[in-house]
Every structure is written in structure tokens, then in C-alpha cells.
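A.B. asks: Start counting the sequence shown at 132; every next residue gets the next number (my numbering).
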Amino acid sequence: MLKFTVITIFPQMLDSALGHSILKKAQEKGFIEIEQIDLRVYTHDRHHVTDDYPYGGGQGMVMKPEPLVAAIEAARRKYANARVILLAPQGRVFNQSAAARLALEKEIVLICGRYEGIDNRIKAFVDEELSIGDYTLSGGEPAANVVIDAVARLIPGVLGNENSPLEDSFTTGLLEYPQYTRPEDFRGMKVPDVLLSGDHEKIKQWRHEQSVALTRERRPDLLAETATRNPKPTESGAAKAAVYLALLHFPVYDKNHQVVTTSVTNMDIHDISRSGRTYGVSGFYVVTPVKALQKLARKIIDHWETGYGSEYNVTRKQALEIARIANSLDDVIIDIERETGKKPALVVTSARPIGSRTSFTALRDMLNNNTRPFLIICGTGWGLTEAIISQSDYVLEAIEGYTDYNHLSVRSAAAIVLDRLMGRQGQIDRRQS
Ligand code: 9D3
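#1: Have a look at Thr-392 and Phe-415 and give me their C-alpha separation to the nearest angstrom.
#2: Take Trp-93 as the anchor and find which of Ile-453, Gln-425, Gln-190 has the nearest alpha-carbon.
#3: So, with DSSP's three-state summary, where would you put Ser-564?
#4: With hydrogens ignored, establish whether the beta-carbon of Glu-247 is closer than 6 Å to any heavy atom of the ligand 9D3.
#5: For Asp-258, I'd like the list of residues in its chain whose CB is within less than 8 Å of its CB, leaving aside the five on either flank, ordered along the chain.
#6: For my contact list, Ile-508 and Ser-523 are in at a C-beta cut-off of 8 Å; report their separation, rounded to the angstrom.
#7: Considering only residues of the same chain and omitting the five flanking positions on each side of Leu-327, which have a CB-CB separation below 8 Å?
#8: For Val-390 versus Thr-511, is the C-beta spacing smaller than 7 Å?
#9: In whole angstroms, give me the CA-to-CA distance for Thr-502 and Ile-140.
#10: Would you mind working out which of Gly-188, Arg-542, His-380, Pro-475 sits nearest Glu-247, comparing C-alpha positions?
#11: Cutting at 7 Å between CB atoms, please list the residues of its own chain near Gln-167, excluding the five before and the five after it.
#12: Under 7 Å, Cβ to Cβ, is there at least one residue of chain D near Thr-419?
#13: Opposite Gly-414 in the DSSP bridges: which residues?
#14: Give the single residue among Asp-169, Glu-468, Val-421, Lys-155 whose Cα lies nearest to the Cα of Cys-243.
#15: Of all the alpha helix (DSSP H) runs that stay within the bounds of the stretch 470 to 544, which reach a length of 4 or more residues?
#16: Would the beta-carbon of Thr-396 be found less than 6 Å away from any heavy atom of the ligand 9D3?
#17: Following the continuous alpha helix (DSSP H) through Thr-346, name the residue where it begins and the one where it ends.
#18: Could you please give the first and the last residue of the uninterrupted beta strand (DSSP E) stretch that includes Ile-165?
#19: On the three-state DSSP scale, how would you describe Arg-429?
#20: Since Ile-519 contacts Leu-460 with CB under 8 Å, what's their CB separation in whole angstroms?
#21: Who does Phe-317 pair with in a DSSP beta bridge?
#22: Taking the straight line between their C-alpha atoms, what separation do you get for Gln-227 and Gln-190?
#23: How would you write the range of the beta strand (DSSP E) that Lys-134 sits in, first residue to last?
#24: Relative to the C-alpha of Gln-221, which residue among Leu-353, Gly-271, Leu-376 is closest?
#25: Got a sec? Which residues, its chain only, sit under 8 Å from Leu-133 by beta carbon, not counting five neighbours each side?
#26: Tell me the rounded alpha-carbon separation between Gly-411 and Val-445.
#27: At the level of alpha carbons, what is the spacing between Ser-564 and Lys-430?
#28: Using the beta-carbon count (16 or more within 10 Å), is Asp-462 buried or exposed?
#29: By Cβ distance below 6 Å, which residues in the same chain neighbour Pro-201 in space, the five residues on each side in sequence not counted?
#30: For Arg-562, which residues of its own chain have a beta-carbon under 8 Å away from its beta-carbon, when the five flanking residues on both sides are left out?
#31: Counting along the chain, where does the beta strand (DSSP E) carrying Arg-223 start and finish?
#32: Can you tell which of Arg-232, Arg-252, Ser-269, Ser-543 has the C-alpha that lies nearest to the C-alpha of Asp-402?
#33: Of all the options Tyr-525, Ala-493, Thr-396, which has the alpha carbon lying nearest to the alpha carbon of Thr-480?
#34: Return helix, strand or coil for Tyr-184, following the three-state DSSP convention.
#35: My guess is that Leu-376 and Val-343 are in contact by the Cβ rule of under 8 Å, so how many angstroms apart are they, rounded?
#36: Please report the distance separating the alpha-carbon of Glu-310 from that of Val-322.
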């Protein structure tokens, strides 16, 4: 349940927009709740005044700080952990990743400004400021509506099973492919043959090509973003296939062979992102079903990607750019399929003795001669469960030294795997051949 509290001087303004279709159902089913607070409740004068003349002169009115701050403080007393957001033209621009971040919150307070602006001092009482784009609105209410809609769609269950938010354009980084319905011939305009062919593989391929072509034409900026998200090798000789990495925190074994959920760690996220970025991994998924841990992972990644850390350390930012968060392995597979148009081959790593194994050299050759994406799955705790291993296409040979001690950390194992599969080989190749 995600509770939105909207502070506004026009509390009825959002009613119609939020009272229909998906948002209506989301409220009825208890996935979200929206409460609108009339700012005038927090005024103490007879005329319920919320604005005043600007110091220094100029046109228009400015919203007074007292009622706004009283409203914020009341909301914080009620919801100690609420994220308080001021909707304002000078905020950071709200986008899909901001929506994904906010979908992990429990309580969100949205403050809608009006008039020509807001007394600057209220910024000290909010957690962040958001704008919804580069155009002027008459107030923050339509922006609140946009934020609530985009965030609510990402809450599991809100869309039902038939529509996955992972399929949305701004999640995949591509514009949607063209859609058609009956009739087959509309005023001489025919539905493309491929869609009538019944060949699902071909249709998928066509749609992906259309998406890429349309995005290149209309929104090359989105492709530029995908390119930084998916760093390209700078030289030939590197793997042809897109390689993805997933770090599973569930389901994995503990010491006693029980299936458990492990905690997300700061060091794993940092180190595996850096290794992944170094060897040309297209995306690194931190997989956990636990919302609080997703939130923690998001915080770590955002700090380096867009927060203070992004300016403090640019190379760390580049590494964390490949990091993503997912609920489950299935979601990772869907995400990769959306991005590449193909289902990834699943590769697991395991220190435990298991039947037939694929050698590093064999997999390295496959990566060099394949355009199919590969997903390398690493387990935390005491390793991946049998269920996951049996679901995979390749089980990599174990990494071993010449001792009876074999307890690599998952981040060390990941780095070694990446080097053997995607590293420059030099000495090693010559010795092997
Ligand atoms: C006089 C200069 N304007 C600042 C750029 C004043 C001003 C214009 C519009 C002050 C407030 C507003 C009302 N807009 C919002 O409150 C708003 C908004 C927007 O106008 N565009 C995009 N996103 C947002 S979020 C809130």
C-alpha cells in the first residue's frame, strides 16, 4: 500500500483524473490511497490567505511559508518516514527511473504550488523538488496527477498480470512498435504482412527493429541513454553477444541448505558493477523480492548515479550506471528480452559439484560467435538453489585453486568469471594453445 497525500489549494482538482480506470481500481483494491489536504485548513486568518506580495516587488503573488510548513509538519507527524516532494518548475525532471524509485516508498507527500511561486524557505522542509518537464503549468496539481499515475503503475499488482510495466517504452529505453487491429485493410492501408504470418519469432524480431528505427528517428536521446546504460566494447575481439549479470539474493541456500533470502550489500553492488563495467557487461541486476532491500540498493545506486556521488566520482558513476534492480529472475529475463528482442541463454556459476559443466573456453567461444544475449547468474549466501541450476542452459565449470579450501566471495568469483569469459587473454591463450 502506497499512501499519497496531496497538499493543494484546489483539493477537488485531482478527483476526476484519479477516479477512473487503472488508478480507480488501484485505490479500490487497496494498492494506493490518495488523500487531498486543503492548504487553507492550515491558515489561521479569517480569509484563509495562502499567498502574499513578493519582497523586492514584481508581478503576481508568492505562497506564504506558514501554512505550507504547518501542512508538511502535520503530514510528517502522521507519517514519520514519508517522502515529501515539492512539485515545482525548478525541480529535477521526473522520469521513469524517478517513478521506479518512488514506487518503493510507503508514504509520499506531494505539495502543489500555485501563483507565481513559493517562498523559497519551504525548500528546507522538503526532501526533494520535482518538475514534470520544460513547460509552464498554472500549478502543481497536474504534476501531482502525473507523478501519482506513473508511480502507481509500477506497484506490483496494479496493472494485473497481462500488462507488465517492464514492457513500457521508458523502461525498455525504446519507443513502442506500431500496433494494428482489425480491419486488415483500412482505406487501402494494409496491416504489415509479417503480423499476419503467425511466425512469432519473426514478429518479435520485426517489432524490435521497428522500435529501434522509430527511436533512432524520433528520440535519438533515448538511444544515447541506452548506449551509456549498455557500454559497448571499444575494440573488436570482445564478446559479440550482450552479456548480463544477475546477483540473486533469493532463492539461495544458507549454511544448512535452507532456501533463504540474503541481504543486499553495499560492497557487492559496488564491486560487481565496477567489474561488470570493466569487462563490458550490458547490465548488472541486483535481484531481491524484498522491498526494503530494493530501496537500499536503489539508494546506493542513485547516490552514485545522480546524487552527490555522481559529481564526486565520475568513474564510479559509470560503473553504477549498469546496475539495475529486479524482483525476480523471471523479471530479469523479461527485461533482457525487451531490451534485446531475444531471450537470454542462462548461465549459472556454482562451487558445488554438479553433473555436466561448460568450460570457460567453450562459453567464451559462444559469446564470441553468438548474437543471442547471455545472462550469467551468481548466487549470494551458500549459492544458487537446484531449482535455478536446473532451469539454466549452461553450468560453468567451478573456479578452483590447488588447495582444499574453496570459499571465494561472490564478488571475487564474478570478477574471475568475467575475466575468463570477456577479458583480454594475452599470456593465458598462448599457454593454453
Ligand atoms: C515566474 C517564473 N515561473 C518560474 C519558472 C513561475 C512559476 C511558473 C509556474 C511558478 C509556478 C508555476 C506553476 N507550476 C508548477 O507549480 C509546476 C510545474 C510546471 O510549471 N512545469 C513543470 N512541472 C511542474 S511541477 C509544478
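We treat Cβ as the ideally placed atom computed from N, Cα and C, and that holds for glycine.
Quick caveat, the model's predicted, so the values are computed rather than measured.
C.D. replies: The short version:
#1: Position 261 of the sequence shown, counted from the start, is the residue given in the question as residue 392. Position 284 of the sequence shown, counted from the start, is the residue given in the question as residue 415. If I take the Cα positions, the gap works out to 19 Å.
#2: Because the chain spans 132 through 564 in this model, residue 93 falls outside it and cannot be assessed.
#3: The count along the sequence shown starts at 1 and reaches residue 564 at position 433. Here the model assigns Ser-564 a pLDDT of 45, short of 50, so the residue's position is not dependable and the matter cannot be decided.
#4: As a first step, residue 247 must be located in the sequence shown, where it is residue number 116. Yes.
#5: The count along the sequence shown starts at 1 and reaches residue 258 at position 127. Excluding sequence neighbours, Asp-258 sits near Arg-214, Val-215, Ile-216.
#6: As a first step, residue 508 is located in the sequence shown; it is residue number 377 there, counting from the start. As a first step, residue 523 is located in the sequence shown; it is residue number 392 there, counting from the start. Yes, they are in contact, since the Cβ atoms of Ile-508 and Ser-523 sit about 7 Å apart, within 8 Å.
#7: As a working note, residue 327 is residue 196 in the sequence shown. Contacts found: Glu-315.
#8: As a position in the sequence shown, residue 390 is number 259, starting the count at 1. As a position in the sequence shown, residue 511 is number 380, starting the count at 1. No, Cβ-Cβ distance for Val-390 and Thr-511 is not below 7 Å.
#9: Sequence index remark: in the sequence shown, residue 502 carries index 371 (1-based). Sequence index remark: in the sequence shown, residue 140 carries index 9 (1-based). Their Cα atoms are separated by approximately 56 Å.
#10: For this step, residue 247 is matched to residue 116 along the sequence shown. Across the set Gly-188, Arg-542, His-380, Pro-475, the C-alpha of Gly-188 shows the shortest separation from the C-alpha of Glu-247.
#11: Counting from 1 along the sequence shown, the entry for residue 167 is found at position 36. Here the set comprises Val-137, Thr-139, Pro-142, Leu-145.
#12: Checking the listed chains, one finds no chain D in this structure; it contains a single protein chain.
#13: Counted from its first residue, the sequence shown places residue 414 at position 283. The partner list for Gly-414 (beta bridge, DSSP) reads Tyr-375.
#14: Taking the sequence shown and counting its residues from 1, the one referred to as residue 243 is at position 112. Selected option, being the one with the closest Cα: Asp-169.
#15: Those alpha helix (DSSP H) runs which fall completely within the stretch 470 to 544 and span 4+ residues are 491 to 500, 517 to 522.
#16: For the purposes of this step, residue 396 is taken as the residue at position 265 of the sequence shown. Outside the cutoff, so no.
#17: The residue you call residue 346 lines up with position 215 of the sequence shown. For Thr-346, the enclosing alpha helix (DSSP H) begins and ends at 331 to 349.
#18: On the sequence shown, position 34 is the one that residue 165 refers to. That run of the beta strand (DSSP E) goes 163 to 169.
#19: Numbered from 1 along the sequence shown, position 298 holds the residue referred to as residue 429. Here Arg-429 sits in helix by DSSP.
#20: Taking the sequence shown and counting its residues from 1, the one referred to as residue 519 is at position 388. Taking the sequence shown and counting its residues from 1, the one referred to as residue 460 is at position 329. Right, the Cβ-Cβ distance comes to about 7 Å (below 8 Å), so this counts as a contact.
#21: For the purposes of this step, residue 317 is taken as the residue at position 186 of the sequence shown. Partner(s): Met-320.
#22: Numbered from its first residue, the sequence shown carries residue 227 at position 96. Numbered from its first residue, the sequence shown carries residue 190 at position 59. Using only the alpha carbons, I get a separation of about 35 Å.
#23: Residue mapping note: residue 134 aligns to position 3 of the sequence shown, counting from 1. Residues 133 to 139.
#24: As a first step, residue 221 must be located in the sequence shown, where it is residue number 90. Looking at the Cα atoms, Gly-271 is the closest of the given residues.
#25: In the sequence shown, counting from the first residue as 1, residue 133 sits at position 2. Annotation for Leu-133: Phe-162, Ile-163, Glu-164, Ala-234, Glu-236, Lys-237, Glu-238, Ile-239, Val-282, Ala-283, Ile-286 place their beta carbon closer than 8 Å to its own, counting only its chain and skipping 5 residues before and after.
#26: As a position in the sequence shown, residue 411 is number 280, starting the count at 1. As a position in the sequence shown, residue 445 is number 314, starting the count at 1. In this structure, the alpha-carbon of Gly-411 lies about 17 Å from that of Val-445.
#27: To locate residue 564, count along the sequence shown from 1; it is residue 433. To locate residue 430, count along the sequence shown from 1; it is residue 299. With a pLDDT of only 45 at Ser-564, under 50, the local geometry of the prediction cannot be trusted, and no value is derived from it.
#28: Here residue 462 corresponds to residue number 331 of the sequence shown, with the count starting at 1. Burial call: buried.
#29: Against the sequence shown, residue 201 aligns to sequence position 70. A small correction: the amino acid at residue 201 is Ala; Pro does not occupy that position in the sequence shown. So the list reads Tyr-173, once near-sequence residues are dropped.
#30: What you label residue 562 is simply residue 431 of the sequence shown in a count that begins at 1. With a pLDDT of only 49 at Arg-562, under the threshold of 50, the placement of this residue in the model should not be trusted; the figure read from the coordinates follows. Nothing meets the Cβ criterion.
#31: Translated into the one-based positions of the sequence shown, residue 223 becomes position 92. For Arg-223, the enclosing beta strand (DSSP E) begins and ends at 214 to 224.
#32: Position 271 of the sequence shown holds residue 402. Ranking the options by Cα distance to Asp-402, first place goes to Ser-543.
#33: Here residue 480 refers to the residue found at position 349 when the sequence shown is read from its first residue. It is Tyr-525 whose Cα lies nearest to the Cα of Thr-480.
#34: Along the sequence shown, read from residue 1 onward, the residue named residue 184 stands at position 53. Annotated three-state conformation of Tyr-184 is coil, per DSSP.
#35: Position 245 of the sequence shown holds residue 376. Position 212 of the sequence shown holds residue 343. 23 Å between Cβ atoms; not a contact.
#36: Taking the sequence shown and counting its residues from 1, the one referred to as residue 310 is at position 179. Taking the sequence shown and counting its residues from 1, the one referred to as residue 322 is at position 191. Sequence check: residue 310 is Gln here, not Glu. C-alpha separation (whole angstroms): 9 Å.
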